[in-house]
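K.L.:
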Amino acid sequence: MYELYYKYLHEQKSKEKYRQLQLDLHKNQIDFSTNDYLGLSKSKAVFLAAQSAGKEFGVGATGSRLLSGNKSLFHPFENKITRDKKTQTALIFNSGFQANITVLSSLLDASIWGSRPIVFFDKLNHASLYQAVFLSHVELIRYQHNNMDHLSKLLAKHKDDKRPKFIVTETIFGMDGDMVPIDEIFNISKENKAFLYLDEAHATGMIGHNGYGLSTHINLSEIPHLVLGTFSKALGCFGAYAACANILKEYLVNKCAGFIYSTALSPMVIGAASKAWDLVRHFSTQRQNLYFKAEKLRKQLQHLGFNIGHSTTHIIPIIIGSERDTIYVKEQLLKHRLVVSMVRPPTVPPGTSRLRLALNTSHSDQDLNYLVDILKQV
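Under the numbering used here, think of the first position of the sequence shown as 16, with each following residue one higher.
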């Protein structure tokens, strides 16, 4: 019965793609793998907010939001997101992966449109976005990463096609650390009357007006849109949100299976995430310092001859190429107390296996210098 599963795992091992769960960090290790960019997962204020919500509402939501789970914590938090994302409304989900799959596939449902939508899709988008379009059976047209000329040409090629058109992209790309040219993609969407779907998972808390994402730099009210983000990275908590027009929230509440059939997030999680959301606006100095350190580290790595792609943010890839070499370097760094993420295909394109460095506010200049020194040796 299990033979084919064994075969699959054997093949993964032979291709250097086998995954294993890792134990938690030792105290003396320096962590460059965490997405806790602002250190809010250990914030006392966030912890106390979770504790307070738990005391009042309990640990579990006890049901979906359409049944018993719609605690009074949700609506004030969604109103904050609406205000800071500058949209009409917002809706909270259980995770970024769940939200992307179920929200995007609901928006693309051919039975609603009466035809298969066309999705113009950045090649380096997150796996959850790929899963959504695969589940939707849409016509998928991938454009070269962040290449707005290529996107415009593809849209022009389909200008006479009357089917609905969607543009899907991340704003900060989680595996590459570069940013979408937000003004350009907004104008392209507007000119072509295409729906713009923005994934702000790594941008939420880190960039934009008061740190609330790159989408805050554009007037989304001028185009059909949805912005998705998470509480699990810079906010240090768990969960996700969709910021959108009122009609889309109403549609998702009635159509989106991931929302309808999922038990709501724990009140403690909502209490914590809501407090973390409040705190983000006060972290402008920390964000500036973090980006200054990231720029310095990028220059050092480039000087040493490392391929860091087109990173411009707190996420810096070191693109090595082969899976075997990437595993070797990761293991060597670990021997020197340095914990980094290793990313291999199919998460990234073949031949671009990499180490992913995620800088956070706890990293000192000494930590970064030590990382560079060990990379020289390796």
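C-beta: ideal position from N, C-alpha, C; glycine also. As the structure is a prediction and not an experimental result, all values here were calculated from the model.
Output the residue ranges of the beta strand (DSSP E) runs that lie fully inside the stretch 201-269 and measure 3 residues or longer, sorted by chain position.
P.N.:
Listed in chain order, the complete beta strand (DSSP E) runs (minimum 3 residues) inside the stretch 201-269 are 210-214, 240-245 and 255-259.
K.L.:
In this structure, does DSSP put Leu383 in helix, strand or coil?
P.N.:
In the sequence shown, the residue the question calls residue 383 occupies position 368. The answer is helix: DSSP assigns Leu383 an H, G or I state.
K.L.:
Quick test of your reading: Glu206 and Thr186, contact by CB under 8 Å. State the CB separation rounded to the nearest angstrom.
P.N.:
For the purposes of this step, residue 206 is taken as the residue at position 191 of the sequence shown. For the purposes of this step, residue 186 is taken as the residue at position 171 of the sequence shown. About 20 Å separates the two Cβ atoms, so there is no contact after all.
K.L.:
How should Ala171 be labelled, buried or exposed, when 16 other C-beta atoms within 10 angstroms of its C-beta is the threshold for buried?
P.N.:
Here residue 171 refers to the residue found at position 156 of the sequence shown. Exposed: under 16 other Cβ atoms inside 10 Å.
K.L.:
Can you give me the Cβ contacts of Lys95 inside the same chain, cut-off strictly under 8 Å, excluding the 5 residues immediately before and after it?
P.N.:
Numbered from its first residue, the sequence shown carries residue 95 at position 80. Excluding positions up to five away in sequence, the list reads Ser289, Trp292 and Asp293.
K.L.:
Could you tell me the distance, in whole angstroms, from the CA atom of Tyr306 to the CA atom of Thr77?
P.N.:
Indexing the sequence shown from 1 puts residue 306 at position 291. Indexing the sequence shown from 1 puts residue 77 at position 62. Roughly 41 Å between the two C-alpha positions.
K.L.:
Give the single residue among Asp164, Pro196 and His217 whose Cα lies nearest to the Cα of Ile233.
P.N.:
As a working note, residue 233 is residue 218 in the sequence shown. Nearest of Asp164, Pro196 and His217 to Ile233, Cα basis: Pro196.
K.L.:
Looking at C-alpha atoms only, which residue of His329, Asp46 and Lys32 is the closest neighbour of Leu38?
P.N.:
Stepping through the sequence shown from its first residue, residue 38 is reached at position 23. Of the listed residues, the one whose Cα sits closest to Leu38 is Asp46.
K.L.:
Hey, would you say Arg302 sits closer than 7 Å to Ile334, going by beta carbons?
P.N.:
Translated into the one-based positions of the sequence shown, residue 302 becomes position 287. Translated into the one-based positions of the sequence shown, residue 334 becomes position 319. Result no, Cβ atoms of Arg302 and Ile334 do not sit closer than 7 Å.
K.L.:
Using the three-state DSSP reduction, which class does Lys100 fall into: helix, strand or coil?
P.N.:
For the purposes of this step, residue 100 is taken as residue 85 along the sequence shown, with counting starting at 1. Residue state, collapsed to three classes: helix.
K.L.:
Taking Gln397 and Tyr20 to be in contact with their CB atoms under 8 Å, please state how far apart those CB atoms are, rounded to whole angstroms.
P.N.:
Absent from the structure is residue 397, since the part of the chain shown begins at 16 and ends at 393.
K.L.:
Write down every uninterrupted run of the beta strand (DSSP E) in the stretch 306-372 whose length is 3 residues or greater and which is fully enclosed by it, in chain order.
P.N.:
DSSP runs (the beta strand (DSSP E)) wholly in the stretch 306-372: 330-336 and 356-358.
K.L.:
Taking the alpha-carbon positions, what's the Gly254 to Gly228 distance?
P.N.:
Your numbering for residue 254 matches position 239 in the sequence shown. Your numbering for residue 228 matches position 213 in the sequence shown. If I take the Cα positions, the gap works out to 16 Å.
K.L.:
Can you give, in chain order, each stretch of the beta strand (DSSP E) that sits fully within the stretch 16-49 and has at least 3 residues?
P.N.:
Listed in chain order, nothing qualifies, since the stretch 16-49 has no complete beta strand (DSSP E) run of 3 or more residues.
K.L.:
Mapping DSSP to helix, strand and coil, what is Phe274?
P.N.:
Working through the sequence shown from its first residue, we reach residue 274 at position 259. Correct three-state label for Phe274: helix.
K.L.:
Quick check on Val183: buried or exposed, where buried means 16 or more other Cβ atoms within 10 Å of its Cβ?
P.N.:
Counting from one through the sequence shown, the residue named residue 183 turns up at place 168. Label assigned to Val183: buried.
K.L.:
Can the beta-carbon of Ala287 be found less than 7 Å from the beta-carbon of Val61?
P.N.:
The residue given as residue 287 occupies position 272 in the sequence shown. The residue given as residue 61 occupies position 46 in the sequence shown. Cβ atoms of Ala287 and Val61: closer than 7 Å.
K.L.:
Per DSSP, what kind of secondary structure is Lys86 in: helix, strand or coil?
P.N.:
Mapped onto the sequence shown, residue 86 falls at position 71. Note: Lys86 maps to coil in three-state DSSP.
K.L.:
Alpha carbon to alpha carbon, what distance is there between Val268 and Thr328?
P.N.:
Sequence index remark: in the sequence shown, residue 328 carries index 313 (1-based). Sequence index remark: in the sequence shown, residue 268 carries index 253 (1-based). C-alpha separation (whole angstroms): 34 Å.
K.L.:
Ignoring anything shorter than 3 residues, give me the beta strand (DSSP E) runs that lie fully in the stretch 101-187, in order along the chain.
P.N.:
As far as the stretch 101-187 is concerned, its whole beta strand (DSSP E) runs of at least 3 residues are 104-108, 133-137, 154-158 and 180-185.
K.L.:
Would you check if the stretch 260-267 and the stretch 131-142 touch, i.e. whether three or more CB-CB distances between them fall below 8 Å?
P.N.:
The stretch 131-142, when compared against the stretch 260-267, does not touch it at the 8 Å Cβ threshold.
K.L.:
Measuring alpha carbon to alpha carbon, tell me which residue in Glu310, Ile203 and Phe321 is nearest Leu166.
P.N.:
Walking along the sequence shown from the start, residue 166 turns up at place 151. It is Ile203.
K.L.:
Determine the contact status of Ile330 and Ile323, defining contact as a CB-CB distance below 7 Å.
P.N.:
On the sequence shown, position 315 is the one that residue 330 refers to. On the sequence shown, position 308 is the one that residue 323 refers to. Not closer than 7 Å, so no.
K.L.:
Using only alpha-carbon positions, find the residue among Glu93, Leu40, Gln381 and Asp124 that is nearest to Ile285.
P.N.:
Position 270 of the sequence shown holds residue 285. Ranking the options by Cα distance to Ile285, first place goes to Glu93.
K.L.:
Please go through the same chain and pick out, in chain order, the residues whose beta-carbon is closer than 7 Å to the beta-carbon of Gln44, but skip the five residues on each side of it.
P.N.:
Indexing the sequence shown from 1 puts residue 44 at position 29. If we look at Gln44 and ignore the five residues flanking it on each side, its Cβ neighbours are Arg352 and Val354.
K.L.:
Which of helix, strand or coil does DSSP assign to Met194?
P.N.:
To locate residue 194, count along the sequence shown from 1; it is residue 179. It is a strand residue.
K.L.:
Are there 16 or more other CB atoms within 10 angstroms of the CB of His378, so buried, or fewer, so exposed?
P.N.:
Locating residue 378 in the sequence shown gives position 363, counting from the first residue. By the 10 Å Cβ count, His378 comes out buried.
K.L.:
Going by other Cβ atoms of all chains shown within 10 Å of its Cβ, with 16 needed for buried, is Ile222 buried or exposed?
P.N.:
The residue labelled residue 222 in the question sits at position 207 within the sequence shown. Ile222 is buried by the Cβ-count criterion.
K.L.:
On the criterion of 16 or more Cβ atoms from any shown chain inside 10 Å, does Gly366 qualify as buried, or is it exposed?
P.N.:
As a working note, residue 366 is residue 351 in the sequence shown. Exposed, because fewer than 16 other Cβ atoms sit within 10 Å of the Cβ of Gly366.
K.L.:
Taking Thr300 as the reference, give the member of Lys270, Asn225, Glu310 and Leu348 with the closest Cα.
P.N.:
Sequence index remark: in the sequence shown, residue 300 carries index 285 (1-based). Checked all of Lys270, Asn225, Glu310 and Leu348; the closest Cα to Thr300 is Asn225.
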